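Residue numbers (my numbering): 159 to 936.
Please read the structure below before turning to the comments.
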């Protein structure tokens, strides 16, 4: 027991001795720190540094001053200090100067004043390593946008009175990325004198550039204290496709408020809106000043007026739990277009959001409403959209539920305004519709019930257009439905019903003094030629990426009236047609009864019906034209189809075809005709029987002063000669396929005459010749 007590005493004495020696050593180092902290010991310590860490300098000095035994002033300076940590970092600083005042109070060292910090970095190269793919724990992708007060992030124990002069400079900063161009930068931070000792006043100048990506330059003044920070300056950012230059003012205290007026250039577009930001831990509000887009189309400008977004943040997770948008839209057409005024509309939107579940089962549910409304003489519009979506908040983002509905109402109160707007453009309103006035309305309703259902929509359009001699009252309804699920649609199905309620159109003025072109119009292709074209046409290189099924039903509530200067009364046409994408048209086009001058005689078109059958190539033709005089009633029956029309002539009392034609052509019985008239009647009868003369040829010939008609049944070609005046005749010859010839002959006097001929063949160029003739009969 005595031995144990003696051992404890010896141990206690040793501990006390060690403690005294430690205190004495620390006191000696505090009084004479230059014996431990010096350049020689620093170089000695470098031999224990890692192999990839290299530190070198030209001069390193430590100066210590001791005003009394509790205070110490330390001055450190270095020249050409370089640090290399391979392969990540290399930097060199030509000059470093630090001046610090320390105090030893309550047995602890304490920073009394940071008198000066000056550092000039001439180069800094940082090589960033490639990120290693590592499994990530599921985490919410919702951003926490709550912004705390500045005092909550600023260390409150920091006494700004202890900080003196500060000058930091970094040049030739280079950051190398695993991929892409390096980032080049430089910066300088200088403290300025301040009237308040409790705040710091800095000037910051910095610029950065990454080739092919961006270039940025910032100059600002920073005023900082323990409760707030203020930044005033300007910034310039250039991207490959746009540039931004703006003055900037930011104040962050209890909340953050920022103002800017950026000048944005994007191609030929230049914007200069005012931006106001208010951000706190409860809300995030952004307000934009007027933004004007000039000459977006035909000198029309678009102005966004006082657009504001206001969001309330979730008190727990910080995401926008409720957000609202309000924005004014003004469209200003070209001032030179009379009758078109500004189009003012207002866009409003509201979103509400909340989360459900936690961890991997966390979902975000968003409900939204949007409305666009406005009215003037150019356009009246109201658009309403409501919807709800649910999103999984872990990577990858996934839409798990959705439903939406929209209602659109558009009205053009004055069609003339739109006609003037599109005049002299590829979208100009064609004649005869360009003289119509009135309004057009469109209503659209669309609905999506869930992600497993198709998108369904229906639309109704109504036109009420009219002029002195025309009307266009049309109502159209349409149903649209996607095929399959909305996220992976296989195609689109569209059905439309068009009702022509009251339509009266004026055909362009026509003249029959000059005969129609016998060569078929290039816009109309014969069936046999169409077959050749389809064989030669190469297969399409691309097709619609989804299936499109469409069908259209067209009906007339009352017959469409078509007026022409060639007709004494309008032509009534009734329609009942069904057209579908996967089958041939079917239905009827029915020309109803109207008076008609046929061979300079008053006749009646009783009906001309085109009947479309789904199993035939050409529509069936069925029609009747009637002519009566005191002696005979003549009926011209149209049968067959449009490719092979058949013209039958009937009469009461019964006459043969040649006798009927003699009455129609010359208003004489067959016994009263001269030799030339008999030949013409006989030739026309054979031409009609052989199908060389169809309905439209008969109609044209009926409006001309026919002198004679000859017909060659072998070649199935006919020649018609017409008398234009006492000295001029015109003749045309054609087989209605490959050969045509037109001849104009005029007597000059005596035996002299001049003849001009135009010969056309499909296989060679047109031939025109003019002959001066002398003719004498013997």
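Every residue gets a Cβ at the ideal spot worked out from N, C-alpha and C, and that includes glycine.
Computed from a prediction, not measured in an experiment: that's the story for all the values here.
DSSP assignment within the stretch 207–282 yields the following whole beta strand (DSSP E) runs of 3 residues or more, N-terminal first: 211–214, 217–223, 229–243, 247–263, 266–279. Per DSSP, residue 579 is not a residue of any beta strand (DSSP E); the alpha helix (DSSP H) it occupies stretches across 573–579. Ranked by how close their Cα comes to the Cα of residue 342, the residues 264, 332, 195 have 332 in first place. By the neighbour-count definition (other C-beta atoms within 10 Å, threshold 16), residue 932 is an exposed residue. The beta carbon of residue 322 sits closer than 7 Å to those of 271, 272, 273, 274, all from its chain and outside the five residues before and after it, given in chain order. Our two residues, residue 808 and residue 715, have alpha carbons roughly 34 Å apart in a direct line. DSSP places residue 349 inside the beta strand (DSSP E), whose first and last residues are 341–350. Of the candidates 369, 377, 324, 524, 324 places its Cα closest to the Cα of residue 352. Put simply, the stretch 553–565 touches the stretch 525–543. At least three CB pairs are less than 8 Å apart. Pairing residue 309 with residue 385 gives a Cβ-Cβ distance under 7 Å. Beta bridge pairing from DSSP links residue 735 with 712, 745. CA-to-CA, the gap between residue 782 and residue 762 works out to about 9 Å. By the neighbour-count definition (other C-beta atoms within 10 Å, threshold 16), residue 478 is a buried residue. The alpha-carbon of residue 589 is positioned some 24 Å away from that of residue 491. With respect to the C-alpha of residue 427, the residue from 454, 549, 221 having the closest C-alpha is 454. One Cα belongs to residue 311, the other to residue 508, and the distance between them is close to 33 Å. Taking the Cβ atoms as the reference, residue 707 lies roughly 19 Å from residue 745, outside the contact range of under 8 Å.
In terms of CA proximity to residue 443, 415 leads the group 431, 450, 429, 415.
When DSSP states are grouped into helix, strand and coil, residue 384 belongs to the coil group. Contact between residue 487 and residue 462 is confirmed by a C-beta separation of about 6 Å, below the 8 Å threshold.
Burial check for residue 227: the Cβ neighbour count within 10 Å stays below 16, so the residue is exposed. In this structure, residue 903 places its C-beta atom within 7 Å of the C-beta atom of residue 911. The stretch 487–544 contains, as complete beta strand (DSSP E) runs of 3+ residues, the segments 501–514, 521–533 (chain order). Its Cα nearest to that of residue 318, the residue 357 stands out among 357, 434, 247, 204. Between residue 307 and residue 412, the gap from beta carbon to beta carbon is short of 7 Å.
Following the DSSP letters along the chain, one finds residue 311 inside the alpha helix (DSSP H) bounded by residues 308–311. When secondary structure is reduced to three states using DSSP, residue 360 falls in the strand class. Minimum Cα-Cα distance from residue 469 among the listed residues 743, 445, 457 corresponds to 445.
DSSP places residue 200 in the uninterrupted alpha helix (DSSP H) bounded by 197–204. For residue 400, the number of other beta carbons within 10 angstroms of its own is below 16, and it is reported as exposed.
Nearest neighbour of residue 511 by Cα position, chosen from 538, 500, 532, 480, turns out to be 480. When DSSP reads this structure, residue 585 sits in no beta bridge, so it has no partner.
If you look at residue 721, you'll find it in the beta strand (DSSP E) that goes 718–721. If you ignore the 5 residues before and after residue 236, its C-beta comes within less than 6 Å of the C-beta of 215, 218, 254, all in its own chain and listed in chain order. Nearest to residue 591 by C-alpha distance, out of 627, 610, 570, is 627. Residue state for residue 817 is assigned as helix, using DSSP reduced to three classes.
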